[in-house]
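Under my numbering, the first residue of the sequence shown carries the number 182, and numbering increases by one thereafter. Backbone N, C-alpha and C define an ideal beta-carbon position, used for all residues, glycine too. Notes follow once the structure below has been shown.
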Amino acid sequence: MADNISKIPTHVGIIMDGNGRWAQKRLMPRSSGHSAGMKRMIALAQKAKDLGVKYLTVYALSTENLSRPQEELDKLYSLIRTYFIKNVDKLIKQGAAVKVIGDLSLLPKDVTEVIQNGVNKSPKDAEFTFIMALAYGGRSEIVNAASRAVAEGLELTEQNLSSRLYTAGVPDPDFIIRTGGELRLSNFLMWQAAYAELYFTDTLFPDFTNGKFEKALLDFSSRKRRFGKV
Ligand code: IPE
Ligand code: IPE
Ligand code: MG
């Protein structure tokens, strides 16, 4: 199928939704859905890199998710710690860079240390960047960027604002996929998604195979992007 994908997006975003329902359907705890989701996330990062995607941003934890039961959050943090060490190191060894966007001060210190460690080891001139949105909220990102521009005494222009977002220097996403059946963005890349092509699938994230990812990319390559022009 990969051969038929005529246009590979530079930047893909994935809202990885449906882990909990995937587990509940199997009468398993929600945490096992997150565990299966993490495995899928790493496999998709590898696939995206192999297909020539330059940036992959995955929505792993929203600021709103931080109000979930502590038990679920602790399981997620423990998964992030272990997956970061094992798999992110593997990606970095293959020349990929890792970046994190979000308010890391809202996460436990041992989680941010592991993440920061991976980020610091990342090459500067990578051909593929894996971006994890953690404790991320699009609206607060915009407010913080605007406040910083104002504090610097700058005029509030699109350029001054976007260069103060977490994603400064990263091109806007061309394609955003949401798994899990909901038709919304849930505060993901609110500024950056202005002209992204959107793709929604009922497939729950742990079932979103590399083949389904390729099918989504095939859909993207058939879209006509006009950016307001005729
Ligand atoms: C998405 O899956 C992952 C996170 C938000 C951490 P959910 O946990 O939201 O799964 P559902 O939507 O309840 O099935
Ligand atoms: C969006 O999923 C956030 C992530 C995938 C990290 P949610 O499950 O939190 O979204 P809502 O609550 O259904 O909008
Ligand atoms: Mg959900």
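Which two residues bound the contiguous beta strand (DSSP E) that contains residue 331? Unbroken run through residue 331 is the alpha helix (DSSP H), 319-332; no beta strand (DSSP E).
Closer than 7 Å by C-beta to residue 228: which residues in its own chain qualify, once you throw out the five before and the five after it? Chain order, please. Answer for residue 228: 391 and 394, listed in chain order.
Are the stretch 326-340 and the stretch 353-362 touching by the rule of at least three beta carbon pairs closer than 8 Å? no
Can you tell me where the beta strand (DSSP E) holding residue 379 begins and where it ends? 378-381
CB contact flag (residue 314, residue 283, <8 Å): yes
Report yes if the C-beta of residue 218 is less than 7 Å from at least one heavy atom of ligand 1; otherwise report no. yes
In angstroms with no decimal places, state the Cα-to-Cα distance between residue 317 and residue 288. 11 Å
Mind pulling the alpha helix (DSSP H) runs of 4 or more residues that sit fully within the stretch 240-320? 251-264, 270-274 and 290-302
Nearest candidate by alpha-carbon position, reference residue 257, set 215, 305, 248 and 325: If we check each option's Cα against that of residue 257, 215 comes out closest.
Grab me the residues of residue 201's own chain with a C-beta within less than 7 Å of its C-beta, minus the 5 sequence neighbours each way, in chain order. 211 and 214
May I ask whether a heavy atom of ligand 2 can be found less than 7 Å away from the beta carbon of residue 243? yes
Mind checking who residue 192 pairs with in its DSSP beta bridge? Paired residue(s): 236.
Rounded C-alpha distance that separates residue 185 from residue 250: 44 Å
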